[in-house]
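See structure below.
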Ligand code: PHE
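Numbering (my numbering), first residue to last: 3 to 506.
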């Protein structure tokens, strides 16, 4: 029998009785473990060895875990400072203890919550007293001991619940790997006894092999396409972008066309066309990102005039205006759009794509910018799914039906609707969906039927129903994310980005 060199060496190094780990064989043979693994699978396929696979958990300290192992767990340091300050007799002032323990930044909160959890201390007002009935002896804190064990490679000796706790504290990281070990089969033993020779095989064609013509003589190593390979993480479209693309496909499938337009736009398109009074709170610097750029000179003069007239005098014989100041310069000022309804205005007015005849349907899935306060459901920029349908005789039923059909394609079937107010739509309603993990109702969109005060200046004579939905909230419902920052920005988990599948 002839075998490629590596396989032969492996066969000879493998025992018939004891299982030898692949790593040990690789070291003994001075080969790369991946090459030995490959050879082991080849030999297994030939029936000469048996490869046993076992899932093993590797436990390692995170950077924070390593820091605490050296400096002590924050709660133990705080407890020590409290003990030193005599807090068993009378509570000691917290600020002083924090200073003495050398805790900094987020470590202070970490110390306080774990101090309370372990009963090491009682926090009352701004003072700390030593806990009367601590859960552990601070000298033998199981989490501190576990950090040492993990560092020494003895995680096996640590109780699972302690490891779980350290993991949830972000102090250790557990990874699953596959450990492989090899033994000779009876056939392997027989083959060795009968004698195996090394076959010269070539793993890859080289320029030398080609120019010398030697390639036609040599034997090439066979590929094993089933062997485990190292994971290579290539580039990938971000989950948010993938979902945006999916939303676009769904809307195109429903007969919509895509709108395009500027991120920085005149207030005219963002607000005035929408019958938003110029003194509306959303138009102050609290909410919008104003830009220090020249005002937008080229606004359609006739439209500007009709919009001003709607603001001042209202529309129709029964109509009434806002009786508040309206200034064309204010309308020309440029800001980052707070919604993509600015695009809808550009299209409905005929500015963007020429005059439109009903029926028409348009959408965009684009970024909008709001000067909000960051929290788990709010970002300063997010993606809005804007859309509108222009047709004779539309009703709220049409709007609800459109949403039901749209969200169904993402598996969301429990929409709820709530009456709402927008200066530009009547009636208006907000949309809610149930969060799959927390069961909370979360707002996912805002919608309505455009008022005459909006449509008449634009020159639209039929009904238009419209909406703005939040792409990130759709993601929260689809995947159960609880914090919008899990899918946006630097807190986004790399593993998630690598592994998540946006399925159709
Ligand atoms: N502009 C609204 C928002 O950002 C969404 C909306 C668009 C509502 C069109 C009604 C009509 O919340």
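Cβ coordinates follow ideal geometry from the N, Cα and C atoms, glycine included.
heavy atom of the ligand PHE below 7 Å from residue i C-beta
| i | result |
| --- | --- |
| residue 319 | no |
| residue 435 | no |
| residue 468 | yes |
| residue 430 | yes |
| residue 449 | yes |
| residue 380 | no |
| residue 424 | yes |
| residue 427 | yes |
| residue 341 | yes |
| residue 386 | yes |
C-beta contact flag for residue i and residue j at 8 Å
| i | j | result |
| --- | --- | --- |
| residue 187 | residue 52 | yes |
| residue 467 | residue 437 | no |
| residue 105 | residue 80 | yes |
| residue 67 | residue 194 | no |
| residue 33 | residue 180 | no |
| residue 121 | residue 140 | no |
| residue 334 | residue 298 | yes |
| residue 27 | residue 16 | yes |
| residue 62 | residue 175 | yes |
| residue 40 | residue 229 | yes |
| residue 339 | residue 371 | yes |
| residue 490 | residue 381 | yes |
| residue 428 | residue 317 | no |
| residue 419 | residue 396 | no |
| residue 417 | residue 435 | yes |
| residue 310 | residue 330 | yes |
| residue 476 | residue 245 | yes |
| residue 293 | residue 462 | no |
| residue 378 | residue 486 | yes |
| residue 123 | residue 95 | no |
| residue 321 | residue 314 | no |
| residue 2 | residue 3 | This structure leaves residue 2 out entirely; the chain is present only between 3 and 506. |
| residue 504 | residue 248 | yes |
Contacting residues, own chain, Cβ-Cβ under 6 Å from residue i (five flanking each side not counted)
| i | result |
| --- | --- |
| residue 11 | 31 |
| residue 289 | 373 |
| residue 347 | 271 and 275 |
| residue 253 | 365 |
| residue 344 | 267, 271 and 272 |
| residue 361 | 393 |
| residue 404 | none |
| residue 2 | No answer is possible for residue 2: it lies beyond the span of the chain, which begins at 3 and ends at 506. |
| residue 312 | 455 and 459 |
| residue 411 | 252 |
| residue 23 | 183 |
Close beta carbons around residue i, own chain, < 7 Å, minus the five adjacent residues each side
| i | result |
| --- | --- |
| residue 472 | 384, 386, 446 and 447 |
| residue 457 | 466 |
| residue 7 | 200 |
| residue 212 | none |
| residue 138 | 120 and 144 |
| residue 71 | 63, 149, 150 and 153 |
Cβ-based neighbour list, residue i, same chain, cut-off 8 Å, excluding 5 preceding and 5 following
| i | result |
| --- | --- |
| residue 21 | 54, 183, 184 and 185 |
| residue 58 | 178, 179, 180 and 181 |
| residue 50 | 13, 186, 187, 189, 190 and 193 |
| residue 250 | 260, 365 and 367 |
| residue 450 | 401, 422, 424, 426, 427, 428, 429, 430, 431, 467, 468 and 469 |
| residue 86 | 102 |
Could you say if the stretch 473-490 and the stretch 217-233 meet the contact criterion of at least three C-beta pairs nearer than 8 Å? no
Three or more C-beta pairs closer than 8 Å, one from the stretch 63-78 and one from the stretch 101-118: is that the case here? yes
On the three-pair Cβ rule with 8 Å, is the stretch 243-257 touching the stretch 297-305? no
May I have a chain-ordered list of the alpha helix (DSSP H) segments no shorter than 4 residues that lie completely inside the stretch 61-89? 65-73 and 76-86
Can you list the beta strand (DSSP E) stretches of 3 or more residues lying completely in the stretch 411-440, in chain order? 418-424 and 427-436
Can you confirm whether the stretch 87-101 touches the stretch 119-133 when touching is taken to mean that 3 or more C-beta pairs between the two stretches lie within less than 8 Å? yes
May I have a chain-ordered list of the beta strand (DSSP E) segments no shorter than 3 residues that lie completely inside the stretch 438-485? 443-452 and 465-472
Can you list, in chain order, the stretches of the beta strand (DSSP E) that have 3 or more residues and sit fully within the stretch 82-151? 123-126 and 129-132
Uninterrupted alpha helix (DSSP H) stretches inside the stretch 153-195 (no shorter than 4 residues): 162-170
Ignoring anything shorter than 4 residues or poking outside the stretch 196-284, list the alpha helix (DSSP H) runs there in chain order. 209-214, 241-255 and 269-272
Please go through the stretch 346-417 and give each complete beta strand (DSSP E) segment of 3 or more residues, from N-terminal end onward. 362-371 and 383-393
Let me know the beta strand (DSSP E) ranges lying completely inside the stretch 279-348, each 3 residues or longer, listed in chain order. 336-338
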